[in-house]
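J.: The structure is given below, and queries will be raised subsequently.
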Amino acid sequence: MRVAELVMAIAMAVFSLLLMWKSTELPIGWIPGEGPGGGAFPFWLSAAMLLCCIAIIVRWVLRASPPSRSTEAYMDPQALKLFALVAGSLTVMVGLIHIIGVYISLPLFMIFYMRVLGGHSWKTVGGIATATPVVSFFFFEIALKIELPKGMTEPLFYPLYDIFM
Amino acid sequence: MKALWKSGAAWLCLAFLLGLAATAVPQLSAQAAWEPKKPVEFVIMAGKGGGADRLARFIQGIIEKHKLSSKPFVPINKGGGSGAEALRYLKDNKGNPHVIMATLNSYYTTPLRQPGLGVDIEKFTPITRLAEDTFQLWVHSDTNINSVDDYVKAVKAAGGANWKMGGTGKGQEDSLVTGMLEKKFGIKVTYVPFKGGGTVAKQLIGKHLNSTVNNPSEQAGFWEAGKSRPLASFTPKGKLKGRFGKIPTFEELGYGAEMVYYMQRSVIAPEGIDKNVQAFYVSVFDKVYKSKEWQDYLGKKGLIPGWLTGGELTRYFVKEREAHRAMLKAAGEIK
Amino acid sequence: MEIFAHLADGFLIAFEPLNLGLVVFGCAVGLFIGAMPGLGSVNGVAILLPMTFLVPPTSAIIFLGAIYYGAMYGGAISSIMLGIPGASTAVATTFDGRPMAMQGRADEALIAAAVASFVGGSISIVLFTLFAPPLAEVALAFGPPEEFALMVLAFATFIGLGGDDIPKTFFSICIGLVMSAVGLDIVSGEPRLIFGDLPGFFHGINFLVLAIGIYGIGEMLWTVEISKGEVMVSQATVTLARVVAGLKNLKGTIKTMLMGSFLGYFVGILPAAGATPGSLMAYGIAKTISKDPDSFGKGNVDGVVAPESANNAASTGSMLPMLTLGIPGSPTTAILLGGMVIWGLEPGPLLFVNHADFVWGLIASLYAANLFALLINIGFIPVFIWVLRLPFTILAPLIFGLCVIGGYAPTRSMHDLWLMLIFGVVGYLMRKLDYPMAPAVLAIVLGPLAERSMRQTLIGSHGDITEFFVRPISGTIMVVALILIFLPLVNVLRNMVRHRISKTPL
């Protein structure tokens, strides 16, 4: 926990510096007769973020904040494994949406999650993994007319549009 | 459920065959007319609630009401970066027949101000220009400013810096019109940018601003209620009809024919779409244009009808872009 | 008594079979749309707008009004059940609603939210009926300085909401504000903070992307870790006896409901503000005036009642500037306004004169919509509770799926989906280190309003900051806000001094 606190504070400090640098693309000073320039608002707030990070680091040195005193692990091996599995599969799912669309990648993700992490029966898993895309299609595409990304599966939906619209 | 599906599929096949037969017989040589295969994305270059947005949703309503298309037109707002987001989206959707876009004048100004976008509006496929929106100079009705002369005097008396002119973002239409006024009358006012024309109108009525250059639709309600007063129209003589036609134009008042500025309301498609796709959209909008609802709307909102299509429309866009290039240069917004 | 005659006419219109049917249908549809994370009243109204061309304008606006109301009720459902605010107006509802659900008191929270929404809605409609025209004048008096002062006040009321770690709370506020600056600088018309030249940054960072990322993805990752991925079933139950008990419990919150309703309504009528600042301020004030402020954020019913009564009151309030001035107070009313224009109705000062039947029909149907939304909402509570009782390993992928679709739907851009995922993961990692997340989420909503109104004022006053203080309305609000900001600081300092003294060995 103690190491994580320091790493996060430093990472965020670097991020603040990046934001400050990016903000300078527009004037960051006080334009006479007009008030602050376009970059002033993000610039000075990023500077405040940097100050906050420094304060967090100072408190870390003084061991003033609870995480900086904690001797617990930031993530125990089991938590780390779960986090990697869940966050990893989410990332893969979002990535796959670009290629095979939400109607295939979402059920795949759900099957993975319910089967591998949950250990539910194939009956339950299959039922939910089939029902979810069907319900989403009718709710979002037909009722609300919000198109969801389909990637290369798009032509498969043309006949459905012809029937239901 | 299964039976329903089956019968549905059977009906579909039948309908498809019938449709094929119907189209094939009379026009064996001609290409079959194109129809959208999925909902059409109707991109709007501005945020929700603004003039362009309302117009696009109005058009969507007409299309649905008269069933002008087999698949719905679904409006999507991509107003980010004064329309930069929408322009980039259209560029990235080259050849996609299911995307069209409702434009306004940021169609010229945004690519000029942000050359990094790499957008060349000449390349997009023109569909149609539906109308031109107009601008008037407005003041609060509690003031004793009744003419452009009074206005210029009042600005000079107040000292231009103390005169608050409201409008939309810098470099957009309202600020260009303000620039025209400043140049013509040798004044310099303080320009306060707001998010949308409706807000600008309200700020004038709340006396937080001294004057505005609103579209007729934005001030119509207040004008009718006697809260605001139009001084002059930025249109050529006789172009505006109805009650907005009674407002004198700058030209009539003798300030020259160059005191004219329009907001175009057009529809375009990405580059590289098929000829018959273009024909489909043109025919849909032709029907929209001729509908009673549209014609009523034009009259009521002080818009000038302006059907224009094909190469003529592209030439119009190029001409207007050059005019805007000159205006932006004069305002020091671009080099 | 002219008003009551108008209102009676209005009720006749609202209770025509077609209109009444539309109210019930609209409430039910709105409830579901509002309950989806990512979809709120604005989506519901925008998407269903063209459908209303099939019916006369009065029926159409009644239908849209009912959807609006239903969605406002529904927003509380995802806040309480999933901890994901479906719209910015429902963020404050998660603070206590979510802890209540975790403690197996989801039914109690849902009932409290429904009743509070009803009270807020009812009071605001009565206020609307009685005082519409004079209040329109108040709305007009709000220029940029007043708007800025109001934003400062909103920040002041939630400064106490962060954790105990002051640098981290400030960090959270600042990062939210910086993210709100991404996109276009309206004053200079220049794009800013466009990272890597990605076109997705042009529209800025949508509040929903951050909220769904942090409260959806982040919260689920957190729960996964706590539960160690095991099957965990919520203890939530619902019986008639519990519903009655829940209703009885609400007696103690009447004061909070009244406060939330009036506050929400008055903030709602101000064109720029809308329901989000209203619900935040109500939460902050409820905490301040409570006898037991420490129980807030840990499942205090007052913490659900205050924002819910306020956001419903504010949504009625925001209809006022729309109808009387033609200025939308929220994105949803902006769409409604567009609808009115399409039907050939000119919103503005003369609407009440020229189209009285329309206005009063709408007002009367709001009364009806409010009642039906309450009944439908309470009727569905068992269904929601049943969902909560699903095993966690089934609920989790469903919620992740909802987050993905909900993150995509508002802007329809994959860019936002990736951002949401990043916010979720980083937010989770930061939350483990006690970084409070709520201030960032609220800052991203209020940031653009605050920055814009401040700079508009300064342009108008040539950079003179006294402008905020010399104008009567903005001056008063500013002083109140500054007192609120410095009050906790004084307390903190006093405690520190006391702490030192007690620590120092004599």
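Residue numbers (this note's numbering), protein chains in the order written: chain Y, 1 to 165; chain Z, 1001 to 1335; chain C, 2001 to 2506. C-beta atoms are modelled at their ideal positions from N, C-alpha and C, and glycine is treated no differently. Here the structure is a predicted model, which means the values were calculated and not measured.
For a contact meaning CB atoms closer than 9 Å, what does Y/M165 contact in chain Z?
T.: For the purposes of this step, residue 165 of chain Y is taken as the residue at position 165 of the first sequence. Result: K1038, P1039, S1070, K1071 and P1072.
J.: Report the rounded CA-to-CA distance for Y/L17 versus C/A2181, giving the unit in angstroms.
T.: Start at 1 with the first residue of the first sequence, and residue 17 of chain Y comes out as number 17. Start at 1 with the first residue of the third sequence, and residue 2181 of chain C comes out as number 181. When rounded, the separation of the alpha-carbon atoms in Y/L17 and C/A2181 is 16 Å.
J.: Against chain Z, with Cβ distances strictly below 8 Å, would C/R2452 count as a contact?
T.: Walking along the third sequence from the start, residue 2452 of chain C turns up at place 452. Chain Z contact via Cβ: present.
J.: Distance, Cα to Cα, C/K2255 vs C/P2347?
T.: For the purposes of this step, residue 2255 of chain C is taken as the residue at position 255 of the third sequence. For the purposes of this step, residue 2347 of chain C is taken as the residue at position 347 of the third sequence. Those two C-alpha atoms are separated by around 35 Å.
J.: Can you check which of these residues, C/I2444, C/I2483 and C/I2394, is closest to Y/G118 by C-alpha distance?
T.: Counting from 1 along the first sequence, the entry for residue 118 of chain Y is found at position 118. Per the Cα distances, C/I2394.
J.: Output the distance between the C-alpha atoms of Z/W1347 and C/W2360, rounded to the nearest integer angstrom.
T.: For chain Z, the structure presents residues 1001 to 1335; residue 1347 of chain Z sits outside this window and is missing.
J.: Are C/G2406 and C/I2212 touching if we call contact CB-CB under 8 Å?
T.: Walking along the third sequence from the start, residue 2406 of chain C turns up at place 406. Walking along the third sequence from the start, residue 2212 of chain C turns up at place 212. In contact: C/G2406 and C/I2212 (Cβ atoms closer than 8 Å).
J.: When DSSP labels each residue in this structure, what does C/T2169 get in the three-state scheme?
T.: Position 169 of the third sequence, counting from 1, holds the residue named residue 2169 of chain C. Three-state DSSP puts C/T2169 in a helix.
J.: Just mark C/A2314 as buried or exposed, buried being the case when its beta carbon has 16 or more other beta carbons within 10 Å.
T.: Here residue 2314 of chain C corresponds to residue number 314 of the third sequence, with the count starting at 1. Buried, since its Cβ has 16 or more Cβ neighbours within 10 Å.
J.: Give the interface partners of C/A2409 over in chain Y, defined as CB-CB distance under 9 Å, in chain order.
T.: Residue numbering aside, residue 2409 of chain C sits at position 409 when the third sequence is read from its first letter. Those are F140, L144, I146 and L148, listed as they occur along chain Y.
J.: Against Z/S1082, what residues of chain C qualify as contacts under a CB-to-CB distance less than 7 Å, listed in chain order?
T.: As a first step, residue 1082 of chain Z must be located in the second sequence, where it is residue number 82. Correct list: L2184 and G2189.
J.: Does chain Z have any CB closer than 8 Å to the CB of C/P2199?
T.: On the third sequence, position 199 is the one that residue 2199 of chain C refers to. Closer than 8 Å to some Cβ of chain Z, the Cβ of C/P2199 qualifies, so yes.
J.: Short of 7 Å in beta carbon distance, which residues of its chain neighbour C/A2046, apart from the five on each side in sequence? Order them along the chain.
T.: Numbered from 1 along the third sequence, position 46 holds the residue referred to as residue 2046 of chain C. Closer than 7 Å at Cβ, skipping near neighbours: I2335.
J.: Just checking: is the beta-carbon of Y/Y103 within a distance shorter than 8 Å of some beta-carbon in chain Z?
T.: Here residue 103 of chain Y corresponds to residue number 103 of the first sequence, with the count starting at 1. So no, Y/Y103 is outside the interface.
J.: Taking 8 Å as the threshold (C-beta atoms), are C/A2060 and C/W2343 in contact?
T.: One-based indexing of the third sequence puts residue 2343 of chain C at position 343. One-based indexing of the third sequence puts residue 2060 of chain C at position 60. Going by C-beta atoms, C/W2343 is nearer than 8 Å to C/A2060.
J.: Would you mind sorting C/D2185 into buried or exposed? The rule is 16 or more other CB atoms within 10 Å of its CB.
T.: Along the third sequence, one-based indexing puts residue 2185 of chain C at 185. C/D2185 should be labelled buried.
J.: Can you list the residues of chain Z that C/H2203 reaches, using a CB-CB cut of under 8 Å?
T.: As a working note, residue 2203 of chain C is residue 203 in the third sequence. By Cβ distance, chain Z contributes K1078, G1079, G1080, G1081 and E1085.
J.: For Y/A143 and C/D2096, what's the separation of their Cα atoms in angstroms?
T.: Counting from one through the first sequence, the residue named residue 143 of chain Y turns up at place 143. Counting from one through the third sequence, the residue named residue 2096 of chain C turns up at place 96. Straight-line Cα distance between these residues: approximately 33 Å.
J.: Quickly, what does DSSP pair Y/P36 with across the bridge? List them, please.
T.: The residue given as residue 36 of chain Y occupies position 36 in the first sequence. According to DSSP, which records beta bridges pairwise, Y/P36 is partnered with Y/W30.
J.: Chain C partners of Y/Y23, CB-CB under 9 Å?
T.: Taking the first residue of the first sequence as position 1, residue 23 of chain Y is located at position 23. The question names Tyr, but residue 23 of chain Y in the sequence shown is Ser. Going along chain C in sequence order, the residues near Y/S23 (Cβ under 9 Å) are V2178, A2181, R2192 and L2193.
J.: Return the chain-ordered list of same chain residues with a C-beta closer than 7 Å to the C-beta of C/M2437, the five sequence neighbours on each side being excluded.
T.: Within the third sequence, numbered from 1, the residue matching residue 2437 of chain C stands at position 437. Closer than 7 Å at Cβ, skipping near neighbours: S2172, I2214, G2427 and R2431.
J.: Pull up the distance between the alpha-carbon of Y/L90 and that of Y/F109, whole angstroms please.
T.: Taking the first sequence and counting its residues from 1, one reaches residue 90 of chain Y at position 90. Taking the first sequence and counting its residues from 1, one reaches residue 109 of chain Y at position 109. Each residue's Cα considered, the two are about 7 Å apart.
J.: Around the C-beta of Z/T1103, are 16 or more other C-beta atoms found within 10 angstroms, so that it is buried, or is it exposed?
T.: Translated into positions along the second sequence, residue 1103 of chain Z becomes position 103. Note on Z/T1103: 16 or more other CB atoms within 10 angstroms of its CB, so buried under the neighbour-count rule.
J.: If you check the beta carbons only, do Y/P77 and C/L2193 fall under 8 Å apart?
T.: Within the first sequence, residue 77 of chain Y is the residue found at index 77, counting from 1. Within the third sequence, residue 2193 of chain C is the residue found at index 193, counting from 1. For Y/P77 and C/L2193, no; Cβs fall outside 8 Å.
J.: Check whether the stretch 1058-1068 of chain Z and the stretch 1273-1290 of chain Z touch, using three or more Cβ-Cβ pairs below 8 Å as the test.
T.: yes
J.: Alpha helix (DSSP H) containing C/E2002: first to last residue?
T.: Numbered from 1 along the third sequence, position 2 holds the residue referred to as residue 2002 of chain C. Going by DSSP, C/E2002 is part of the alpha helix (DSSP H) stretching over E2002 to A2014.
J.: Comparing the C-beta of Y/E154 with each C-beta of chain C, is any distance below 8 Å?
T.: By one-based count along the first sequence, residue 154 of chain Y stands at place 154. Not one chain C Cβ lies under 8 Å of Y/E154.
J.: Out of C/F2015, C/V2387, C/P2017 and C/G2030, point me to the one whose CA is closest to C/I2376's CA.
T.: Here residue 2376 of chain C is taken as the residue at index 376 of the third sequence, counted from 1. It is C/G2030 whose Cα lies nearest to the Cα of C/I2376.
J.: Can you grab the Cα-Cα spacing for the pair Z/L1130 / C/A2154, in whole Å?
T.: In the second sequence, counting from the first residue as 1, residue 1130 of chain Z sits at position 130. In the third sequence, counting from the first residue as 1, residue 2154 of chain C sits at position 154. The alpha-carbon atoms of Z/L1130 and C/A2154 are separated by roughly 44 Å.
J.: Have a look at Z/E1336 and C/P2191 and give me their C-alpha separation to the nearest angstrom.
T.: The requested residue 1336 of chain Z does not occur in the structure, where chain Z is confined to residues 1001 to 1335.
J.: Does DSSP put C/H2462 in a helix, in a strand, or in coil?
T.: Counting from 1 along the third sequence, the entry for residue 2462 of chain C is found at position 462. Coil, per DSSP.
J.: Output the boundary residues of the beta strand (DSSP E) element that contains Z/R1229.
T.: As a working mapping, residue 1229 of chain Z is identified with position 229 in the second sequence. It spans S1228 to S1233 - the beta strand (DSSP E) in which Z/R1229 sits, taken as one unbroken run.
J.: Going straight from the alpha carbon of Z/P1111 to that of C/S2188, what length do you get?
T.: Here residue 1111 of chain Z corresponds to residue number 111 of the second sequence, with the count starting at 1. Here residue 2188 of chain C corresponds to residue number 188 of the third sequence, with the count starting at 1. If I take the Cα positions, the gap works out to 16 Å.
J.: Just to confirm my understanding: we take Z/K1227, look at its own chain, exclude 5 residues before and 5 after, and list those with CB closer than 8 Å. What are they?
T.: Counting from one through the second sequence, the residue named residue 1227 of chain Z turns up at place 227. Excluding its 5 nearest sequence neighbours in each direction, Z/K1227 has C-beta neighbours in its own chain below 8 Å: H1140, S1141 and I1205, listed in chain order.
J.: Quick check on Z/S1029: does DSSP put it in helix, strand or coil?
T.: Locating residue 1029 of chain Z in the second sequence gives position 29, counting from the first residue. Bear in mind that a pLDDT of 39 at Z/S1029, under 50, signals an unreliable position, so the number given afterwards is only what the model happens to contain. In the structure shown, Z/S1029 sits in coil (DSSP, three-state: anything other than H, G, I, E or B).
J.: Take C/S2261 as the anchor and find which of C/I2084, C/F2392 and C/P2307 has the nearest alpha-carbon.
T.: To locate residue 2261 of chain C, count along the third sequence from 1; it is residue 261. Of C/I2084, C/F2392 and C/P2307, the residue nearest in Cα terms is C/P2307.
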